[in-house]
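Those letters in the sequence shown? Residues 213 to 551, per our numbering, in order.
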Amino acid sequence: KGRVGVAGPDATLGRARPFSWISLCRYVQFAHFAQMKTVCGLANLNSRIVGGQNALPGSWPWQVSLQSSYHFCGGSLINNQWVLTAAHCFPSRSASGVNAVLGLQSLQGSNPNRVSRTIKTVIVHPNYNSGTQNNDIALLQLSSPVTFNNYITPVCLPSTGSTFYSGVKTWVTGWGDIGSGVSLPAPETLQEVQIPIVGNRRCKCSYGASSITDNMMCAGLLAGGKDSCQGDSGGPLVIKQNNRWIQAGVVSFGNGCAEPDFPGVYTRVSRYQTWINTQITTNKPGFIAFTSTGTDSDLSVSSTPAVSLQVEMGDLPLNLRIKLLLLNYWEKIKGCVDV
């Protein structure tokens with residue numbers, strides 16, 4: 213008697229689970245995570261095939277312009293209130309006077325889908341090294357959440373252990389310079405370019421073994437001509453898997469822009485899943501595993517001396533002597549060879 217309540221008719225038989233705030237919180241967190249994995253990486257208006265051109269409205273709905281009276285860096289929306297960018301975009305660790313602008317097509321003129329937020333919090337990776345650009349990654353908390361639509365959508369992030377083989381096609385977007393010292397002409401429309409991954413071994417040949425860490429990745433044409441540039445920093449390098457776009461990298465640094473043999477260097481996002489999830493405690497971003505297929509051609513590149521001239525060259529056949537000399541010459545100017 214007196215136990216008629218909201219638990220239902222089975223309550224007296226012990227079948228109704230007692231109410232638990234912990235269980236409810238866990239359910240809500242799981243629901244948010246599942247929702248982000250469902251929403252992230254969808255670009256309903258994207259139909260891109262080749263690069264080096266103006267992006268159409270809504271093609272890259274996670275693209276963010278960071279502005280302080282002018283555009284200075286890019287970023288990417290990873291949930292409804294957080295933006296991923298490069299640490300070097302915030303050397304003072306302050307976002308005073310900075311706005312994150314989403315749904316933007318051009319830096320000038322009318323942008324009917326434009327949404328702007330101030331920055332509430334800047335979180336720079338604690339191990340960021342401004343000298344080497346290692347751990348060049350930061351998170352920005354927006355002043356208030358944004359509403360998703362065809363022009364504003366979060367990108368998916370690659371989970372720990374994701375593999376990006378040399379040659380895999382990616383896209384990089386931004387409002388940066390279109391060449392070294394060459395500004396984007398009015399109305400400064402968002403640019404997109406398709407570039408392949410360059411394996412870290414090969415990238416070390418250009419920048420030096422100590423300059424490229426496991427926290428970095430490279431992408432670009434070794435012949436030059438396509439690359440990210442100044443003003444693109446902090447922006448996304450993305451790759452499509454099935455119907456989802458995943459952000460493989462964050463624009464970090466490079467030797468000039470689109471210079472031959474110097475691909476752009478990007479922060480490898482898959483190395484930071486734990487850190488990102490530690491900083492964003494609710495409504496976590498959607499992480500998806502990306503796995504390259506086939507064989508990674510970068511494994512055939514050696515950044516260590518392949519041969520030594522400390523041999524009796526006169527005892528070797530002429531063709532082998534020539535080959536050894538050429539290999540060593542290549543080592544001196546490039547620091548690596550294919551093996």
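Think of the CB as a built atom: it goes at the ideal place given N, C-alpha and C, for glycine as much as any other residue.
Suppose the cutoff is 8 Å on Cβ atoms and the five residues either side in sequence are ignored; what does the same chain contact list for residue 237 look like? As a working mapping, residue 237 is identified with position 25 in the sequence shown. Annotation note: pLDDT 47 at residue 237 (below 50); position unreliable, coordinate value reported separately. There are no such residues.
Less than 7 Å between the beta carbons of residue 311 and residue 328, yes or no? Along the sequence shown, one-based indexing puts residue 311 at 99. Along the sequence shown, one-based indexing puts residue 328 at 116. The answer is yes: Cβ separation under 7 Å.
For residue 473, which residues from the same chain have a beta carbon less than 6 Å from its beta carbon, with the 5 sequence-adjacent residues on both sides left out? The sequence position of residue 473 within the sequence shown is 261, counting from 1. Cβ neighbours of residue 473 beyond the five flanking positions: 418 and 434.
Jot down the residue ranges of each uninterrupted beta strand (DSSP E) in the segment 317-355, minimum 3 residues, whole runs only, in chain order. Runs of the beta strand (DSSP E) lying entirely within the segment 317-355, each at least 3 residues long, are 327-336 and 350-354 in chain order.
Where does residue 385 sit, in a helix, a strand or coil, going by DSSP? Taking the first residue of the sequence shown as 1, we reach residue 385 at position 173. Residue 385 falls in the strand class under three-state DSSP.
Assuming contact is defined by CB atoms lying nearer than 7 Å, are residue 331 and residue 351 in contact in what I supplied? Taking the first residue of the sequence shown as 1, we reach residue 331 at position 119. Taking the first residue of the sequence shown as 1, we reach residue 351 at position 139. Against a cut-off of 7 Å, the Cβ pair of residue 351 and residue 331 comes out as no contact.
Return the first residue and the last residue of the beta strand (DSSP E) that residue 478 is part of. Walking along the sequence shown from the start, residue 478 turns up at place 266. Note, residue 478: beta strand (DSSP E), 476-480.
In the DSSP output, what is residue 431 paired with across the bridge? Position 219 of the sequence shown, counted from the start, is the residue given in the question as residue 431. 409 and 476, per the DSSP bridge assignment.
Taking all protein chains shown into account, decide if residue 253 is buried (16 or more other Cβ within 10 angstroms of its Cβ) or exposed. In the sequence shown, residue 253 corresponds to position 41, counting from 1. Buried: at least 16 other Cβ atoms inside 10 Å.
Alpha-carbon to alpha-carbon, residue 273 and residue 255: Translated into positions along the sequence shown, residue 255 becomes position 43. Translated into positions along the sequence shown, residue 273 becomes position 61. Straight-line Cα distance between these residues: approximately 6 Å.
Taking its Cβ as the centre, do 16 or more other Cβ atoms sit within 10 Å of residue 483, making it buried, or is it exposed? Along the sequence shown, one-based indexing puts residue 483 at 271. With 16 or more Cβ atoms within 10 Å of its Cβ, residue 483 is classed as buried.
Run through DSSP, which three-state label would residue 299 get? Stepping through the sequence shown from its first residue, residue 299 is reached at position 87. Residue 299: helix per DSSP, three-state reduction.
Check whether the Cβ atoms of residue 475 and residue 290 lie closer than 7 Å to each other. As a position in the sequence shown, residue 475 is number 263, starting the count at 1. As a position in the sequence shown, residue 290 is number 78, starting the count at 1. Their beta carbons are not under 7 Å apart, which means residue 475 does not touch residue 290 by this criterion.
Which same chain residues, not among the five before or five after residue 437, have their C-beta less than 6 Å away from its C-beta? Stepping through the sequence shown from its first residue, residue 437 is reached at position 225. Hits under 6 Å: 470.
Would the segment 364-380 count as touching the segment 489-507 if we require 3 or more Cβ pairs under 8 Å? Short answer: they touch.
In this structure, how does DSSP classify residue 491 when only helix, strand and coil are distinguished? Indexing the sequence shown from 1 puts residue 491 at position 279. It is helical.
Where DSSP assigns a beta bridge to residue 452, which residues make up the other side? As a first step, residue 452 is located in the sequence shown; it is residue number 240 there, counting from the start. Answer is 457.
Less than 6 Å between the CB of residue 514 and some heavy atom of the ligand PLP, yes or no? For the structure depicted, the ligand PLP is absent and the ligand set is empty, with no information on it obtainable.
Out of 489, 452, 303 and 428, which one is the CA nearest neighbour of residue 462? Along the sequence shown, read from residue 1 onward, the residue named residue 462 stands at position 250. Answer by Cα proximity: 428.
Considering only their Cβ atoms, is the gap separating residue 318 from residue 399 smaller than 7 Å? Here the question's residue 399 lines up with position 187 in the sequence shown. Here the question's residue 318 lines up with position 106 in the sequence shown. Yes, these two residues count as a Cβ contact at 7 Å.
Between 341, 335 and 407, which has its C-alpha nearest residue 452's C-alpha? Residue mapping note: residue 452 aligns to position 240 of the sequence shown, counting from 1. The shortest Cα separation from residue 452 among 341, 335 and 407 belongs to 407.
Leaving out the 5 sequence neighbours to the left and right, which residues in its chain are closer than 7 Å to residue 336 when beta-carbon positions are compared? Within the sequence shown, numbered from 1, the residue matching residue 336 stands at position 124. Answer for residue 336: 299, 302, 305 and 350, listed in chain order.
Roughly how far, in whole angstroms, is the beta-carbon of residue 506 from the beta-carbon of residue 444, given that I think they are within contact range, below 8 Å? Mapped onto the sequence shown, residue 506 falls at position 294. Mapped onto the sequence shown, residue 444 falls at position 232. Contact flag wrong, Cβ pair sits at about 29 Å.
What distance in whole Å lies between the Cβ atoms of residue 404 and residue 265, which are believed to be in contact at a cut-off of 8 Å? By 1-based counting over the sequence shown, the position of residue 265 is 53. By 1-based counting over the sequence shown, the position of residue 404 is 192. 6 Å between Cβ atoms; contact.
By the three-class DSSP mapping on this structure, what secondary structure does residue 418 have? Indexing the sequence shown from 1 puts residue 418 at position 206. It is helical.
Coarse secondary structure for residue 442, derived from DSSP in three states: Taking the sequence shown and counting its residues from 1, one reaches residue 442 at position 230. Coil at residue 442, not helix or strand.
Classify residue 509 as helix, strand or coil using the three-state DSSP reduction. As a working mapping, residue 509 is identified with position 297 in the sequence shown. In this structure, residue 509 counts as helix in the three-state DSSP scheme.
Between 456, 268, 412 and 493, which has its C-alpha nearest residue 514's C-alpha? Taking the first residue of the sequence shown as 1, we reach residue 514 at position 302. Nearest option by C-alpha distance: 412.
Mind checking who residue 465 pairs with in its DSSP beta bridge? Along the sequence shown, read from residue 1 onward, the residue named residue 465 stands at position 253. In the DSSP output, where bridge partners are listed per residue, residue 465 has 477.
Which residues mark the beginning and the end of the beta strand (DSSP E) in which residue 558 is found? The requested residue 558 is not part of the displayed model; the chain covers only 213 to 551.
Taking buried to mean at least 16 other C-beta atoms within 10 Å of its own C-beta, is residue 375 buried or exposed? If you number the sequence shown from 1, residue 375 lands on position 163. Counting Cβ neighbours within 10 Å, residue 375 comes out exposed, since fewer than 16 surround it.
8 Å contact criterion, which residue 333 and residue 446 should meet: CB distance rounded: Taking the sequence shown and counting its residues from 1, one reaches residue 333 at position 121. Taking the sequence shown and counting its residues from 1, one reaches residue 446 at position 234. So it is not a contact: roughly 16 Å between Cβ atoms.
Let me know the secondary structure DSSP gives residue 401 once reduced to three states. Reading the sequence shown from its first residue, position 189 is the one you call residue 401. Of the three classes helix, strand and coil, the one that applies to residue 401 here is strand, per DSSP.
So, are the CB atoms of residue 510 and residue 414 less than 7 Å apart? Against the sequence shown, residue 510 aligns to sequence position 298. Against the sequence shown, residue 414 aligns to sequence position 202. The answer is yes: Cβ separation under 7 Å.
Reduced DSSP secondary structure (H/G/I, E/B, other) of residue 313: The count along the sequence shown starts at 1 and reaches residue 313 at position 101. In this structure, residue 313 counts as strand in the three-state DSSP scheme.
Collapsed DSSP secondary structure at residue 275 in the structure displayed: Taking the first residue of the sequence shown as position 1, residue 275 is located at position 63. Three-state result, residue 275: strand.
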